[in-house]
């Protein structure tokens with residue numbers, strides 16, 4: 009699910025409040041899931057707190073960016089697990105959903121701007137015009153008319169902002185042209201783990217206690233996961249720049265475990281042309297740079313590439329995983345993790361798990377009966 013932004017809206021209100029309220033912009037800007045704020049230049053973006061702990065000794069782990077940390081895990085999933093997820097997902101694929109994250113905060117900020125600015129001034133001006141030519145008009149009458157005008161203008165502003173929010177939500181589907189579905193059954197008919205089951209189990213080890221984690225620890229970690237989402241991009245399909253975290257997660261994502269603290273993506277097929285995952289605000293460190301585990305001259309099979317003018321890009325390679333952290337361990341939104349799915353040329357499949365702050369319950373998370381399979385199923 010994608011979350012979207014309203015760029016520059018507060019600035020527009022301060023410059024032309026009446027016009028902005030009556031005909032708000034539908035410009036999408038460069039990113040999603042940010043709110044009514046000016047976007048700072050990349051070199052002015054601040055670091056956030058420490059990310060959640062992970063198993064940094066996980067096999068195949070290679071760090072491709074530090075602060076914010078981005079990892080590529082080579083051969084994270086075997087080919088059979090990748091194929092199984094694709095086969096199970098294909099009959100269920102539907103247009104990928106898009107959500108307007110942060111709408112509550114945006115609505116509140118826009119309403120506050122309207123209340124302190126245009127509504128107040130227009131209420132006063134309107135009352136002043138009403139008083140012209142009426143010799144019996146008293147200060148009390150002026151106050152009463154001002155309050156009446158103010159209440160009416162607030163109601164109109166609220167209606168305009170609500171209508172804009174609704175229209176914005178309806179129009180966001182253009183940001184995402186892929187198809188997707190979720191896989192919430194972790195077992196296969198033969199008693200072995202399905203591809204989704206293997207993905208969840210290895211994700212729990214990566215984001216939890218490591219390769220030797222007991223079943224109880226795996227289950228506890230997987231409680232924080234949304235069910236694996238499988239996404240297909242056909243030729244020409246893309247996902248515009250966006251964020252996986254939400255500034256208003258406490259309110260809007262309360263029913264899905266709160267803030268998104270980690271994103272784990274596995275590429276389910278080799279993609280030779282197009283389909284890059286791009287972090288537009290990040291640049292990979294030069295070969296041999298210090299301070300990031302795994303930096304140095306990458307091996308020939310590495311899927312992370314340097315694109316000096318275009319940010320950090322990752323080339324999809326079957327079985328490889330991409331791990332990054334949309335927010336710090338305390339849930340603070342990290343604006344530097346803006347990313348996108350570049351237009352596909354070859355067909356592209358990915359599987360994604362979002363790790364949240366608290367238990368993610370169905371329908372977003374995994375059922376108790378499925379979590380219990382993590383320790384019982386054969387890999």
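In this note's numbering, the protein residues as written are 9 to 387.
Even glycine gets a Cβ: it sits at the ideal position worked out from N, Cα and C.
Keep in mind the model is a prediction, meaning the values are calculated, not measured.
Below 8 Å on the Cβ atoms is my guess for residue 80 versus residue 328; work out the distance and round it to an integer in Å. 6 Å
Between the CA atoms of residue 174 and residue 272 - distance to the nearest angstrom: 30 Å
Residue 89: buried (16+ other C-beta within 10 angstroms of its C-beta) or exposed? buried
Report, in whole angstroms, the separation of the C-beta atoms of residue 352 and residue 246, which I expect to be a contact under 8 Å. 7 Å
Where DSSP assigns a beta bridge to residue 239, which residues make up the other side? 188 and 358
Let's see if you can read the secondary structure: which residues bound the alpha helix (DSSP H) around residue 130? 126–139
Taking 8 Å as the threshold, find out whether the segment 259–275 comes into contact with the segment 221–229 through three or more Cβ pairs. no
With distances taken between CB atoms, is the gap from residue 320 to residue 287 smaller than 8 Å? yes
Can you check whether the CB of residue 252 is closer than 8 Å to the CB of residue 58? no
Smallest Cα separation from residue 275: which of 102, 91, 221 and 64? 91
In the structure shown, what three-state DSSP assignment does residue 268 receive? strand
Nearest-angstrom Cβ-Cβ length linking residue 236 and residue 360, presumed shorter than 8 Å: 7 Å
So which of 190, 382 and 116 has the shortest CA-CA distance to residue 103? 190
Alpha carbon of residue 195 to alpha carbon of residue 186, nearest angstrom: 26 Å
Grouping DSSP H, G and I as helix and E and B as strand, with all else coil, what is residue 245? coil
What is the DSSP secondary structure of residue 2, counted as helix, strand or coil? Only positions 9 to 387 of the chain appear in this structure, which leaves residue 2 out of reach.
What would DSSP say about residue 273, mapped onto helix, strand or coil? strand
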